[in-house]
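Here the structure is laid out as structure tokens; the discussion comes afterwards.
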Amino acid sequence: MKIESLNHLFLTPNTKSIEVTEKSEASFSNWINEKITSTNDQLNAADQALTQLASGHAENLHQTMLTLEQAKLSFQYMEQIRNRLMSAYQDLLREQI
Numbered sequence: 004m005k006i007e008s009l010n011h012l013f014l015t016p017n018t019k020s021i022e023v024t025e026k027s028e029a030s031f032s033n034w035i036n037e038k039i040t041s042t043n044d045q046l047n048a049a050d051q052a053l054t055q056l057a058s059g060h061a062e063n064l065h066q067t068m069l070t071l072e073q074a075k076l077s078f079q080y081m082e083q084i085r086n087r088l089m090s091a092y093q094d095l096l097r098e099q100i
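Just remember that my numbering sits 3 ahead of the position in the sequence shown, which is counted from 1.
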């Protein structure tokens, strides 16, 4: 049985970690914009579902209620994100240099 040194494993550049780092640097603002857009789309869908329900064109009350609940939860999620961001911002403002 031949035993080889493990030095060659440590000397090669770790390209996977570099790629992961570059991918993980996707900007936070892009993520927030995607979530805001998604929430807005869900709120618009809920508004449309309510309009159809009010006009008598809604075929499935259960689906309408699910759409409304999804929009509500999405909005509450974004509200919590906003609250935590504002809290973090206020904490930064209070810090003395």
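Virtual Cβ for every residue (Gly too), placed ideally from N, Cα, C.
Given the structure is predicted, the values throughout are model-derived calculations rather than measurements.
Exposed unless 16 or more other CB atoms sit within 10 angstroms - verdict on residue i
{"i": "T54", "result": "exposed"}
{"i": "A29", "result": "exposed"}
Residues near residue i in its chain [Cβ-Cβ closer than 6 Å; skip 5 each side]
{"i": "A52", "result": "T67, T70"}
{"i": "A49", "result": "T70, L71, A74"}
Contacts around residue i, its chain only, beta-carbon distance under 7 Å, and the 5 residues preceding and following it disregarded
{"i": "D94", "result": "none"}
{"i": "E98", "result": "none"}
Simplified DSSP assignment, three categories, for residue i
{"i": "H65", "result": "helix"}
{"i": "S77", "result": "helix"}
{"i": "Q99", "result": "coil"}
{"i": "E37", "result": "helix"}
{"i": "M30", "result": "Strictly speaking, residue 30 in this sequence is Ser, with Met absent from that position. Of the three classes helix, strand and coil, the one that applies to S30 here is coil, per DSSP."}
{"i": "E7", "result": "coil"}
Cβ shell of residue i (< 8 Å), same chain only, five flanking positions each side left out
{"i": "S41", "result": "S77"}
{"i": "M81", "result": "K38, I39, T42"}
For residue i, the nearest candidate out of the options (CA to CA)
{"i": "L88", "options": "S32, K5, E7", "result": "S32"}
{"i": "Q45", "options": "G59, Q79, L56, H60", "result": "Q79"}
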